[in-house]
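Quick note on our numbering: the sequence shown kicks off at 5 and runs consecutively.
Positions of the beta carbon are idealized from the N, C-alpha and C atoms, including for glycine.
For reference, the structure discussed in these notes is given below.
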Amino acid sequence: MDLTSYAELAVLLVNSPDRLTGLEGLRALLEDGGRPRQASRLDRDDLAALRELREELVAVFEAAAEGDEREVVDRLNALLRRHPVHPQISDHDGEAWHMHLTEGGRFSDQYIVGAVMGLAAIVTDLGADRLGLCRASPCRRAYLDTSSNRSRRYCSERCASRANVAAYRARKKTGKERTGL
């Protein structure tokens, strides 16, 4: 079972604080994330739970960005204890039989379990250093590094390009200062 798509739920939530100001924003976030069916089931309790989860996930990504693997694991374990997994076999939407991490409970319970289990799988399979925060200032958006050589440092090509241009300009400026131009 590939849990990367579940881990992407965590990234989506961490990177969308502006969408958690109300139910409509959260519905739009889920629809944009390809989950329109779930968006229709939301209520205020789900919104509150996902706001709380977002703050906890931000701390996980910050610990990973600081290289504190123990803190990443401790935080994920705490979330796993609070939100136990109840796997189920499903065949919704005409798909073949496949596993879901949970089918019951509130929408937020399902989202939380998926996001936390996805991150736990990434950390145990690939390492905590695969969770990152964009190095382009001032971005700090979360990302998953699924590259084969652990080389990802930015949340998007746009941020990578912006950081490279800024570094180039800084080098040019330093070079001109040295030559007196």
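CB contact flag (residue i, residue j, <8 angstroms)
| i | j | result |
| --- | --- | --- |
| residue 33 | residue 118 | no |
| residue 222 | residue 116 | Coverage of the chain is limited to positions 5 through 185, which leaves residue 222 absent and any answer about it impossible. |
| residue 69 | residue 79 | no |
| residue 162 | residue 139 | no |
| residue 135 | residue 123 | yes |
| residue 125 | residue 24 | no |
| residue 87 | residue 113 | yes |
| residue 149 | residue 111 | no |
| residue 120 | residue 84 | yes |
| residue 31 | residue 43 | yes |
| residue 274 | residue 91 | A question about residue 274 goes unanswered here, because the residues of the chain that appear run from 5 up to 185. |
| residue 61 | residue 37 | no |
Secondary structure of residue i, DSSP reduced to three states
| i | result |
| --- | --- |
| residue 158 | coil |
| residue 90 | coil |
| residue 140 | coil |
| residue 39 | coil |
| residue 72 | coil |
| residue 201 | As shown, the chain starts at 5 and ends at 185. That puts residue 201 outside it, with no answer to give. |
| residue 112 | helix |
| residue 165 | helix |
| residue 189 | Outside the modelled stretch of the chain, which goes from 5 to 185, sits residue 189, for which no answer is possible. |
| residue 175 | helix |
| residue 45 | coil |
Residues bridged to residue i (per DSSP)
| i | result |
| --- | --- |
| residue 104 | 92 |
Residue i: first and last residue of the uninterrupted alpha helix (DSSP H) it sits in
| i | result |
| --- | --- |
| residue 11 | 8-18 |
| residue 50 | 48-69 |
| residue 130 | Here residue 130 belongs to no alpha helix (DSSP H), and DSSP marks it neither H nor E. |
Start-to-end residues for the beta strand (DSSP E) that takes in residue i
| i | result |
| --- | --- |
| residue 137 | 135-137 |
| residue 33 | That residue, residue 33, is in no beta strand (DSSP E); its alpha helix (DSSP H) goes 27-36. |
| residue 146 | 146-148 |
Chain D within 8 angstroms of residue i, Cβ atoms only
| i | result |
| --- | --- |
| residue 22 | Absent here is chain D; the protein component of the structure consists of one chain. |
Distance between beta carbons of residue j and residue i, contact taken as under 8 angstroms
| i | j | result |
| --- | --- | --- |
| residue 46 | residue 27 | 6 angstroms |
| residue 76 | residue 132 | 4 angstroms |
| residue 167 | residue 18 | In fact, because the Cβ distance is near 20 angstroms, the residues do not count as touching under 8 angstroms. |
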